[in-house]
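Just below is one structure, and these are the notes that go with it.
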Amino acid sequence: MSDPANYAKQELLRDGTPVDIRSLRPADEGDMLAALERTSSQSLQRRFFAMKRHFSDKERAYFMNVDFKSHVALVVVAEDAGRQIIVGGGRYVVVEPGQAEMAFVVIDAWQGRGIGSLLMRHLIEIARGAGLHELTAEVLPENASMLSVFGKFGFKPAARRDPQTVHLALKLD
1 MSDPANYAKQ ELLRDGTPVD IRSLRPADEG DMLAALERTS SQSLQRRFFA
51 MKRHFSDKER AYFMNVDFKS HVALVVVAED AGRQIIVGGG RYVVVEPGQA
101 EMAFVVIDAW QGRGIGSLLM RHLIEIARGA GLHELTAEVL PENASMLSVF
151 GKFGFKPAAR RDPQTVHLAL KLD
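The sequence shown runs contiguously to residue 173 in the working numbering.
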């Protein structure tokens, strides 16, 4: 398994568009904020479970300071109008030994093209390589597209922690 902090793979989206899937870098902060600006309020609500448009310095530091051991983050970079932009991202955060919680966001103009599935596949590969035993996720019930992606990878509904979300789990053993 390669070093997750230097992870980089090239992939094709369903429509044949080439993208790079790579580890999040500290220098990506401006591009990440720009990507969030291109993301609808509904998509941000589905990711953060609240109306979220601005992030505090503490929140930005949390999302950008990734150690690639207990917190792994990947971005998807594509060409748009002649320049490279971040079009999506996914991460997992270890919540207890052997278990991590996952989350994803894809900017609206790029949704439905397979970015969530690509991120999922790569993060599962990294998690297995790191020796994790289980991945979990919390998804809003109305987020049918993300529920579909999780289901395609074998995530199963698990005991709910919050009645407002669907709790999903995937055993990696």
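All C-beta atoms, glycine included, are put in the ideal place defined by N, C-alpha and C.
Just so you know, the alpha carbons of residue 171 and residue 15 end up roughly 31 angstroms apart. Every alpha helix (DSSP H) of 4 residues or more that sits fully in the region 79-149 is shown, in chain order, as 115-129.
Closest option to residue 34, judged by alpha-carbon separation, among 108, 166 and 62: 108. The C-alpha of residue 93 is placed about 18 angstroms away from the C-alpha of residue 117. Setting aside the 5 residues that flank it on each side, residue 100 is surrounded in the same chain by 92, 93, 94, 127, 132 and 135, each with a C-beta closer than 7 angstroms to its C-beta; the list follows chain order. In terms of Cβ geometry, residue 137 and residue 81 do not form a close pair [threshold 8 angstroms]. Between residue 72 and residue 19, the C-beta spacing is not below 8 angstroms. Listed in chain order, the non-local C-beta contacts of residue 26 below 8 angstroms within the same chain comprise 64 and 65, local neighbours out to five positions each way being set aside. Counting along the chain, the unbroken beta strand (DSSP E) around residue 22 starts and ends at 18-23. The DSSP-derived three-state label of residue 152 is helix.
In the structure shown, the three-state DSSP call for residue 33 is helix. When the five nearest sequence neighbours on each side are left out, the beta carbons in the same chain lying within less than 7 angstroms of the beta carbon of residue 166 are those of 139, 141, 147 and 157, in order along the chain.
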